[in-house]
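Numbers 57 to 498, taken from our numbering, label the letters of the sequence shown in order.
Just so you know, even glycine gets a beta-carbon here, dropped at the ideal spot from N, CA and C.
These figures come from a predicted structure and were not determined experimentally.
Notes to accompany the following structure.
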Amino acid sequence: MVFQHECQGGGIAYTDESFFKVRLFDLVSALARSLDMVSQTLAGHHTNVGFLTSSIAGCYGLSDAEYRNIVLAAMLHDIGAVSLYPAVDSLLFEDDTIKHSIAGSVIISSSKKLQDIPKLVEHHHTPWEELRELDSYYQLSNIINLADFIDVNTRRDRPVQDQIPDLISLCKKHKGTMFNPDYIEALREAESKPHFYPNLRAAHAQTTLNISSQFDEDVLDADGVLDFTGLFATVIDFRSRFTATHSQGVAVTSCVLGRWLGFNEIQQVLFQIAGRLHDIGKLAVPAALLEKNGRLTSEEFAIIQRHATYTEHILSDIPGLEIIRDWACQHHERLDGTGYPHGLSGDDISLGSRILQVADVFTAITEDRPYRKGMDFAQATKVLRQLGDSQKLDPVVVEVLIERYDEINELRCKGQMQALEHFSNYSEVLYSKYGIVVKDVS
Ligand SMILES: [Fe+2]
Ligand SMILES: [Fe+2]
Ligand SMILES: [Fe+2]
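Take a look at the structure:
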């Protein structure tokens with residue numbers, strides 16, 4: 057069975073690679089906001105620290121490359137805490153300064169596009185008196201340390217302009233030991249500018265508006281975006297041992313289904329990206345619920361269902377990703393209108409979204425989880441056919457999967473094994489080099 061068609065979205069036909077361009081900054085910014093959704097404690101932390109870092113760096117006078125790197129590092133600086141402490145229910149992980157900094161630098165080092173960032177993340181809590189002995193590039197990370205200190209110590213229930221001048225005075229007590237005196241001076245200068253507080257209040261929007269033009273050159277093609285989304289998948293999947301490799305399983309399955317349903321090579325890459333991103337909204341779901349072993353109450357189920365809307369919000373902020381956003385955030389919609397979040401039905405659901413839906417169900421029922429074995433061929437095809445016959449899933453997509461079951465299942469298993477290997481390598485590096493123990497997700 058072979059189909060031919062174009063996929064339309066945002067007025068663009070993605071049949072030609074040259075149409076697909078996404079700014080690295082927009083991806084990093086979306087990942088930062090995803091990290092900030094993990095807990096109330098983190099609310100706005102990465103975006104605030106990104107904004108404060110850009111303000112300090114702007115007044116200090118860095119090269120374009122240094123400026124770009126330090127702002128990107130600031131926006132992701134506590135990424136390691138999310139995998140080490142899935143609940144992240146307090147900023148107390150900041151006391152554990154070395155572990156989460158190293159874990160973050162190891163996670164980020166897997167992204168080819170961020171090769172200059174890990175060193176800066178690794179040292180974001182290293183005191184100035186130690187940093188000054190190191191290479192001058194490492195010293196930049198002290199800007200993040202200063203920005204982080206300000207944000208962690210700013211109370212959310214009081215006006216920020218009443219607090220920052222006192223916090224800067226407090227930093228001065230640590231000048232030369234914890235913080236570079238020049239960076240404190242740059243912060244003081246930034247704070248005196250008329251736009252500082254209005255911009256800090258709306259850190260998310262303003263970070264994007266104020267500094268994004270500096271990142272216009274850094275544009276990724278489909279393969280670049282696919283590489284970067286490995287980071288998203290890592291953050292989603294490393295958080296819960298129940299779904300440790302799920303994103304990669306959906307990515308591989310939807311890519312192969314797309315191939316057999318007539319999508320071209322670049323579109324197949326887009327399916328992999330959508331698969332890696334489809335559950336990004338789960339970062340906003342409490343880890344305890346994702347890990348719950350047993351029946352969910354209706355309230356708990358309603359909370360888990362919200363992840364599809366969060367996925368939509370996060371991906372809506374990335375220009376160029378419109379098709380992928382729709383495919384990804386519609387993975388729980390159903391043809392008969394009983395799905396969520398929008399209750400779409402029939403022709404309102406594109407073939408791409410239908411593929412993601414089948415890939416998600418297929419991966420979920422066939423992958424092994426800590427509390428149960430995955431279904432075998434007979435069980436899985438029975439479930440999928442029932443869902444196709446009852447107009448929940450697209451019966452044509454289901455039949456394509458069943459026709460090529462062995463091939464697709466083998467590739468899915470391989471993809472999920474590779475994701476598990478990636479996690480094992482991460483755990484091993486952290487343990488063998490630094491003695492840091494990460495929870496087991498196998
Ligand atoms: Fe930190
Ligand atoms: Fe932090
Ligand atoms: Fe989902």
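(message) What would DSSP say about K231, mapped onto helix, strand or coil?
(response) For the purposes of this step, residue 231 is taken as residue 175 along the sequence shown, with counting starting at 1. Assigned with DSSP and collapsed to three states, K231 falls in strand.
(request) List the DSSP bridge partners of V454. (result) Position 398 of the sequence shown, counted from the start, is the residue given in the question as residue 454. Partner(s): none; V454 has no beta bridge.
(message) What would DSSP say about R211, mapped onto helix, strand or coil?
(response) Stepping through the sequence shown from its first residue, residue 211 is reached at position 155. DSSP places R211 in coil when its eight states are reduced to three.
(request) Would you check if there are 3 or more beta carbon pairs closer than 8 Å linking the stretch 430-444 to the stretch 396-410? (result) Contact fails between the stretch 430-444 and the stretch 396-410, because fewer than three Cβ pairs, one in each stretch, are under 8 Å apart.
(request) Provide the residue span of the alpha helix (DSSP H) that contains N125, from first to last. (result) For the purposes of this step, residue 125 is taken as residue 69 along the sequence shown, with counting starting at 1. Counting along the chain, the alpha helix (DSSP H) containing N125 begins and ends at D120 to M131.
(request) Decide if T233 is buried, meaning its Cβ has at least 16 other Cβ atoms within 10 Å, or exposed. (result) Against the sequence shown, residue 233 aligns to sequence position 177. Burial call: exposed.
(request) Note down, in chain order, each residue of its chain lying with its Cβ closer than 6 Å to the Cβ of I329, except the 5 sequence neighbours on either side. (result) In the sequence shown, counting from the first residue as 1, residue 329 sits at position 273. In chain order, V281, L282, T285 and I380 place their CB closer than 6 Å to the CB of I329, counting only its own chain and leaving out the 5 sequence neighbours on each side.
(message) If the criterion is Cβ atoms closer than 9 Å, does the pair V309 and G331 meet it?
(response) Translated into positions along the sequence shown, residue 309 becomes position 253. Translated into positions along the sequence shown, residue 331 becomes position 275. This sequence places Thr at residue 309; Val is not what is there. Contact: yes.
(request) Go to S501, then tell me how far its alpha helix (DSSP H) extends in each direction, as first and last residue. (result) Because the chain spans 57 through 498 in this model, residue 501 falls outside it and cannot be assessed.
(message) Pairs of beta-carbons, one from the stretch 478-487 and one from the stretch 306-322, closer than 8 Å: are there three or more?
(response) Cβ pair count under 8 Å is below three, so no.
(request) Figure out for me which residue from N255, I224, Y253 and K249 has the closest Cα to the Cα of I240. (result) Reading the sequence shown from its first residue, position 184 is the one you call residue 240. Nearest Cα to I240 within the set N255, I224, Y253 and K249: I224.
(request) Please name the residue or residues paired with V78 in a DSSP beta bridge. (result) As a position in the sequence shown, residue 78 is number 22, starting the count at 1. V78 is bridged to L276.
(message) Along the chain, where does the alpha helix (DSSP H) containing I379 start, and where does it finish?
(response) Position 323 of the sequence shown, counting from 1, holds the residue named residue 379. I379 -> alpha helix (DSSP H) spans E378 to C385.
(request) Pick helix, strand or coil for R362, following the three-state DSSP scheme. (result) In the sequence shown, the residue the question calls residue 362 occupies position 306. DSSP places R362 in coil when its eight states are reduced to three.
(request) Output the distance between the C-alpha atoms of S409 and E455, rounded to the nearest integer angstrom. (result) For the purposes of this step, residue 409 is taken as the residue at position 353 of the sequence shown. For the purposes of this step, residue 455 is taken as the residue at position 399 of the sequence shown. Straight-line measurement puts the Cα of E455 at about 16 Å from the Cα of S409.
(message) Under 7 Å, CB to any heavy atom of ligand 1. Which residues pass, going along the chain?
(response) Listed by chain position, these are H133, D134, A137, E150, T153, H156, S157, H180, H181 and D204.
(request) Express the C-alpha separation of L128 and D120 in angstroms, rounding to a whole number. (result) One-based indexing of the sequence shown puts residue 120 at position 64. One-based indexing of the sequence shown puts residue 128 at position 72. Straight through space, the alpha carbons of L128 and D120 are spaced by roughly 12 Å.
(request) Name the residue from Q474, F418, Q472 and I492 whose alpha carbon lies nearest to the alpha carbon of R460. (result) Your numbering for residue 460 matches position 404 in the sequence shown. Of all alpha-carbon atoms in Q474, F418, Q472 and I492, the one lying nearest the alpha-carbon of R460 is that of F418.
(message) Looking at T210: is its Cβ nearer than 9 Å to the Cβ of N198?
(response) Translated into the one-based positions of the sequence shown, residue 210 becomes position 154. Translated into the one-based positions of the sequence shown, residue 198 becomes position 142. Result no, Cβ atoms of T210 and N198 do not sit closer than 9 Å.
(message) Please state whether the Cβ-Cβ distance between I411 and F288 is less than 9 Å.
(response) Working through the sequence shown from its first residue, we reach residue 411 at position 355. Working through the sequence shown from its first residue, we reach residue 288 at position 232. F288 sits away from I411, with the two beta carbons spaced by 9 Å or more.
(message) Using 8 Å for Cβ pairs, my map puts L140 next to D207. What's the rounded Cβ distance?
(response) Position 84 of the sequence shown, counted from the first residue, corresponds to residue 140. Position 151 of the sequence shown, counted from the first residue, corresponds to residue 207. Not really, about 20 Å apart at Cβ, beyond 8 Å.
(message) Taking the straight line between their C-alpha atoms, what separation do you get for P254 and R212?
(response) Numbered from its first residue, the sequence shown carries residue 254 at position 198. Numbered from its first residue, the sequence shown carries residue 212 at position 156. Cα-Cα distance, rounded: 15 Å.
(request) Could you please give me the residues that DSSP links to R410 through a beta bridge? (result) Residue 410 sits at position 354 when you count from the first residue of the sequence shown. Listed as beta-bridge partners of R410 by DSSP are no residues whatsoever.
(message) I'd like to know if V454 contacts chain B, where contact means its C-beta is closer than 9 Å to some C-beta of that chain.
(response) Among the chains in the structure shown there is no chain B, since it carries only a single protein chain.
(request) Using only alpha-carbon positions, find the residue among P174, Q171, M473 and C227 that is nearest to W184. (result) In the sequence shown, counting from the first residue as 1, residue 184 sits at position 128. Comparing Cα-Cα distances from W184 to each of P174, Q171, M473 and C227, the minimum goes to C227.
(message) Going by DSSP in three states, R441 sits in which element: helix, strand or coil?
(response) Walking along the sequence shown from the start, residue 441 turns up at place 385. When secondary structure is reduced to three states using DSSP, R441 falls in the helix class.
(request) Could you tell me whether any non-hydrogen atom of ligand 3 is closer than 8 Å to the CB of A307? (result) The residue given as residue 307 occupies position 251 in the sequence shown. No, Cβ of A307 sits at least 8 Å from all heavy atoms of ligand 3.
(request) Look up R351 in the DSSP assignment and give the residues it is bridged to. (result) Taking the sequence shown and counting its residues from 1, the one referred to as residue 351 is at position 295. According to DSSP, which records beta bridges pairwise, R351 is partnered with nothing at all.
(request) Put R425 into one of helix, strand or coil per three-state DSSP. (result) Within the sequence shown, the letter at position 369 stands for residue 425. The answer is strand: DSSP assigns R425 an E or B state.
(request) Quick one: grab the DSSP three-state call for H156. (result) Locating residue 156 in the sequence shown gives position 100, counting from the first residue. Secondary structure at H156: helix, using DSSP grouped into helix, strand and coil.
(message) Please return the same chain residues whose Cβ sits closer than 7 Å to the Cβ of I359, not counting the five positions on each side in sequence.
(response) Taking the sequence shown and counting its residues from 1, the one referred to as residue 359 is at position 303. The beta carbon of I359 sits closer than 7 Å to the beta carbons of V341 and L345 from its chain, once the five residues preceding and following it are set aside; these are given in chain order.
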